[in-house]
Structure formats: C-alpha cells, structure tokens
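Structure record follows, encoded as structure tokens.
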Amino acid sequence: LIIAKKIGEQVGVDKVYFNANYHHLYHAKTAQHFSGFNDCVIVVMDGGGSQLFPTYQEIESIYTYDKGELKRVYLHATCNRFPYEGHADKKFKFENTDVYLSNNKSMGMMFEDMCLEYNMKDVGDAGKIMGMAAYEEKPMQLQEHSKNYTIELLKKAFTYSDSDNVVLSGGYALNCVNNYEYVKKFIDKNFFIDPVAHDGGTAIGAALYLNEKK
C-alpha cells in the first residue's frame with residue numbers, strides 16, 4: 343500500500359488501486375490477454391498466492407473466459423504454511439466458486455523444498471531443480487509427480503468449459519518440460535503459456551483489470 347501510494351504521488355493520481363486477494367485473477371487476466379483467445383479455460387498454479395480465507399493461501403485456480411467475461415470456477419487453498427490443529431480439509435461453494443481448502447503443499451512449495459534439500463538458498467532456483475530432473479533421482483520423481491498431478495487438475499478444468507483453448511499461468515507454468523507433456527497428453531487442446539507467468543505478470547493483470555473497471 344505504501345508503494346502504491348508513492349507511485350500515485352509520482353504520477354499525479356490521488357486514488358490508488360490495490361487488492362491482495364486478486365493475485366490469481368491478475369495472473370488469469372494477463373494470460374488471457376496475451377493468448378488472444380475469445381474463449382478458453384485458464385489454470386493458475388503457484389507456490390502460494392492470496393489469503394482469501396484466513397491462514398489459507400490460494401495455490402490453484404481455474405477460470406473460464408467466454409465473450410469477454412472472466413469467471414473463477416475453482417479455487418484450491420492450503421494451510422500448509424500456517425499449520426495448527428484446527429485445520430481440516432473442506433469443500434464448499436463460495437461466490438459461485440468450488441472451493442477446496444486442504445493441508446496439501448503446492449507444486450511450487452515442493453520445488454522450493456527440493457531447492458533447500460540441495461542447499462540452494464534461493465528458492466527461486468526451482469528452474470535448476472527442474473533441469474536436474476533428467477539426472478537426479480529425487481528431482482526426477484518430483485517432476486513426474488507434479489506432471490501427473492497437473493494432468494488431473496487439467497482434466498478437472500475441462501469439466502468447467504467446452505473450449506478447446508487452454509491457458510496456463512502462475513509460477514508453476516514456467517515448468518516448460520512438463521508443459522510439453524501436457525501438450526502431448528491433450529493433443530486436441532490448444533495450449534498457450536503466459537509469457538509472464540511469474541508474479542511480475544500480475545502487474546499487467548492489475549492494470550488490465552482496473553482499465554476495464556474504468
């Protein structure tokens with residue numbers, strides 16, 4: 343909020359816009375914009391995003407886009423980073439969204455853990471772990487696990503939309519090796535990978551969202 347206020351002062355804007363709970367929405371907006379698809383299903387996966395529900399971080403979301411309307415249809419959030427005995431898996435409907443709250447680690451968190459196991463202090467080195475997947479047993483197993491997990495998530499996404507266009511965003515969409523596997527698995531689908539799938543891309547999504555609101 344402080345940064346947003348400072349930027350507002352520099353560009354001469356009195357009112358600044360900021361909503362931390364729209365993290366995955368901004369990913370989805372950016373990805374759809376660059377895809378150029380008029381209709382698509384968007385899957386967002388990252389290490390941990392917004393906290394729409396206290397102590398739960400959003401890790402996976404599914405959006406549908408059709409005729410200019412973007413809808414969130416599925417949200418998975420985890421309490422893995424905020425463990426306490428009161429947490430339990432829950433499934434319910436919230437704002438026309440199927441919600442799953444769990445204790446599961448996100449795929450991004452798993453790659454972060456693997457970085458630490460290999461003494462990589464910067465968890466942003468997940469790309470190196472993905473590169474090691476062709477040579478080292480543990481990264482190879484994680485890569486295979488994350489691939490199979492995401493294939494099931496994609497199958498879930500297809501139940502929400504008849505569109506043959508699929509867009510991937512969020513930090514995990516940078517896993518280009520597994521992205522190729524999804525393309526081979528679902529040969530009848532048209533895949534588009536967000537070119538700024540990392541969190542920096544959410545700035546574009548926020549700008550697009552605010553521009554539409556104006």
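Residue numbering for the sequence shown follows this note's numbering, starting at 343 and increasing by one per position.
Even glycine gets a Cβ: it sits at the ideal position worked out from N, Cα and C.
Check                                                                                                                                                     : Outcome
Beta-carbon within less than 7 Å of phenylalanine 395's beta-carbon, same chain only, minus the 5 sequence neighbours each way: which residues are those? : Ala419, Leu443
Could you have a look at serine 488 and say whether DSSP puts it in helix, strand or coil?                                                                : helix
Just mark asparagine 461 as buried or exposed, buried being the case when its beta carbon has 16 or more other beta carbons within 10 Å.                  : exposed
Once DSSP output is grouped into helix, strand and coil, what is the label at alanine 549?                                                                : helix
In terms of residue numbering, what span does the alpha helix (DSSP H) encompassing tyrosine 398 cover?                                                   : Looking at the DSSP string, tyrosine 398 is not in any alpha helix (DSSP H), and its letter there is neither H nor E.
Is the region 477-490 close to the region 359-370, with three or more CB pairs under 8 Å?                                                                 : no
In the DSSP assignment, find the unbroken alpha helix (DSSP H) run with methionine 472 in it and report its ends.                                         : 468-474
Give me the DSSP bridge partner(s) of glutamate 523.                                                                                                      : In DSSP, glutamate 523 forms no bridge with anything.
Below 8 Å CB to CB, which residues in the same chain sit around isoleucine 471 once its five sequence neighbours on both sides are set aside?             : Phe453, Met456, Cys457, Tyr460, Met462, Pro481, Leu484
Is the CB-CB distance between phenylalanine 500 and valine 383 below 9 Å?                                                                                 : yes
Express the C-alpha separation of serine 505 and asparagine 532 in angstroms, rounding to a whole number.                                                 : 9 Å
CB-CB under 8 Å to asparagine 521, same chain, minus the five flanking residues each way: which ones, in chain order?                                     : Leu510, Ala515, Phe533, Ile535
How far does the alpha helix (DSSP H) with alanine 419 in it extend, from its first residue to its last?                                                  : That residue, alanine 419, is in no alpha helix (DSSP H); its beta strand (DSSP E) goes 411-420.
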